[in-house]
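The structure appears below as structure tokens.
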Amino acid sequence: MTPNTTSATSSTTSSATRSDSGHPRPAIRRPGTFVISLDFELYWGVLESKSLQGYQQNLEGVPDAITAMLRLFKQHSLHVTWATVGLLYCQNRQDALQHLPNLQPSYTNDAVDPYRYLEQTQSLRPQFHFAKALIDVVAATPHQEIATHTFSHYFCQEPGQTKAEFIADLTQAVAMAEQQGHVLQSIVFPRNQINPEYHDALTPLGITNYRGVEDHWAYDPDPTTAKTRKTRLFRLIDSYINLSGFHTHALPTPEHQLVNLKSSRFLRPYSPKLRGLDWLKLRRIKRAMTHAAQHGEAFHLWWHPHNFGTHLQQNMQFLRSVAEHFRTLQDEYGMRSQNMSELAAEALSAGDATDLDKW
Ligand SMILES: [Zn+2]
Numbered sequence: 057m058t059p060n061t062t063s064a065t066s067s068t069t070s071s072a073t074r075s076d077s078g079h080p081r082p083a084i085r086r087p088g089t090f091v092i093s094l095d096f097e098l099y100w101g102v103l104e105s106k107s108l109q110g111y112q113q114n115l116e117g118v119p120d121a122i123t124a125m126l127r128l129f130k131q132h133s134l135h136v137t138w139a140t141v142g143l144l145y146c147q148n149r150q151d152a153l154q155h156l157p158n159l160q161p162s163y164t165n166d167a168v169d170p171y172r173y174l175e176q177t178q179s180l181r182p183q184f185h186f187a188k189a190l191i192d193v194v195a196a197t198p199h200q201e202i203a204t205h206t207f208s209h210y211f212c213q214e215p216g217q218t219k220a221e222f223i224a225d226l227t228q229a230v231a232m233a234e235q236q237g238h239v240l241q242s243i244v245f246p247r248n249q250i251n252p253e254y255h256d257a258l259t260p261l262g263i264t265n266y267r268g269v270e271d272h273w274a275y276d277p278d279p280t281t282a283k284t285r286k287t288r289l290f291r292l293i294d295s296y297i298n299l300s301g302f303h304t305h306a307l308p309t310p311e312h313q314l315v316n317l318k319s320s321r322f323l324r325p326y327s328p329k330l331r332g333l334d335w336l337k338l339r340r341i342k343r344a345m346t347h348a349a350q351h352g353e354a355f356h357l358w359w360h361p362h363n364f365g366t367h368l369q370q371n372m373q374f375l376r377s378v379a380e381h382f383r384t385l386q387d388e389y390g391m392r393s394q395n396m397s398e399l400a401a402e403a404l405s406a407g408d409a410t411d412l413d414k415w
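Residue numbers (the numbering used here): 57 to 415.
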């Protein structure tokens, strides 16, 4: 394959293929794309599964992790989507209580309800729950997209909650971001719980795209299977050895003006116990990136800033190797870095030409 350093718009057309959604579309020779998305959530993202005390070290490390990541992203011109929990915009508990959505989720399981936690916890330490200053730093860094991870880390498949409650949550996320001058276009659903019945609520709120999951049973976010031992073990091994495939994707066809930018891989953080296998984990990611670059597909990597809250040096060393591999693929194949909204815009403009018959 010859290097392709042209822009996406000046691509050449070849024979027809089938898109991810199964619809035939003209195959366009595009450069590969490296997409990174980060789920920025602090304690709101783990409150139902971890004690604050037990996770404190990771959360304390978030500001340094973000500073180090932004430096690397800037150095390598990496375009990154920061899917941010809306509550992080608040200054403190009082401020959060004044910014509740009109409707709150009626989860059957109280333990997953962040508003119950908010009401019952009198002294919320701001550094573990709020991060307006950090969001500002991210937003001021070139090519970084502020996106949403919903307002309250909302679970779209959790028993008890309703579509109206989801809409109220997302409306509040959009409003909070807007007050800071941020226009939300991309969403990452907490726990990757995607509810297709809620999709028609997204575009009216300005959302153009979401991060879908890998097409494989082990990455199905269904709450009944996602946490089984078998699934966890499979995912662990799959981080090191290619069991489930590369999960790189051709430019997706929008479905009703909404683009599904599927995940390719979760960047599993450094583990002292498994450090001897890090080279396999890196090789697994690099091979998938190379596959994407060679085939004009997207490789979508994601993690949480708090995953780098401990072992920052080792995690950054790993990420640096990934970034350097991207630069090699950029030189060799013209691979690009795009954040989610940028890639979605490309899919939507390509989709305009091929999707009109659906409306
Ligand atoms: Zn999350």
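Quick reminder that beta carbons are idealized off the backbone N, C-alpha and C, glycines included. These figures come from a predicted structure and were not determined experimentally.
Residue i versus residue j: straight-line alpha-carbon distance, rounded
i	j	result
A379	H132	7 Å
L299	M125	29 Å
A121	H362	8 Å
W358	I341	12 Å
L333	E353	27 Å
L336	T287	20 Å
Y326	P157	37 Å
F382	G216	43 Å
A152	M232	11 Å
M372	D225	34 Å
G142	M391	32 Å
K106	I191	24 Å
D386	Q370	Before going further, note that residue 386 is Gln rather than Asp in the sequence given. Whole-angstrom Cα-Cα distance: 24 Å.
P260	N248	21 Å
Y254	W100	22 Å
Q183	R324	24 Å
G262	P119	29 Å
P87	Q350	8 Å
T264	G301	27 Å
L404	Y111	40 Å
L115	H272	31 Å
E221	T384	46 Å
F374	I92	15 Å
G237	E388	38 Å
P277	C146	29 Å
A406	F355	19 Å
Cβ pair residue i, residue j closer than 8 Å
i	j	result
H205	A139	yes
R321	H347	no
L330	E402	no
D256	A274	no
L423	S393	Summary: the structure shown does not reach residue 423, with the chain confined to residues 57 through 415, and so no result is reported for it.
Q154	Y171	no
E201	Y163	no
P246	Y296	no
N251	C212	yes
A187	V244	no
E104	V193	no
G117	L368	yes
Backbone secondary structure at residue i - three-state DSSP
i	result
V239	coil
T93	For the sequence presented, residue 93 should be read as Ser rather than Thr. Residue state, collapsed to three classes: strand.
V378	helix
P82	Caution applies to P82, whose pLDDT of 48 falls short of 50 and renders its modelled position unreliable; the model cannot decide the point.
Y99	helix
R331	helix
F364	helix
L258	coil
Q313	coil
H205	coil
A187	coil
R321	strand
S405	helix
Y266	strand
Q217	coil
V136	strand
S397	helix
Q55	Here the chain comprises residues numbered 57 to 415, so residue 55 is not present and cannot be evaluated.
L357	strand
Cβ neighbours of residue i in the same chain (closer than 8 Å, five flanking residues each side left out)
i	result
Q150	none
S397	T137, E201, A203, Q241, S242, T264 and N265
S66	Confidence is the limiting factor: at S66 the pLDDT is only 35, short of 50, which leaves the residue's position unreliable, though a coordinate-based value still follows. The answer is none, since no qualifying residue turns up.
Residues near residue i by beta carbon distance below 6 Å, same chain, minus five either side
i	result
G268	N316 and K318
S77	Annotation note: pLDDT 48 at S77 (below 50); position unreliable, no value reported.
L338	S377
F96	W138, T140 and P361
F129	V136
A400	T264, N265 and V315
Residue i CB to nearest heavy atom of ligand 3 below 7 Å
i	result
E353	In the structure shown, ligand 3 is absent; the only ligands present are ligand 1.
7 Å CB neighbourhood of residue i in its chain, flanking five on each side removed
i	result
V102	Y111
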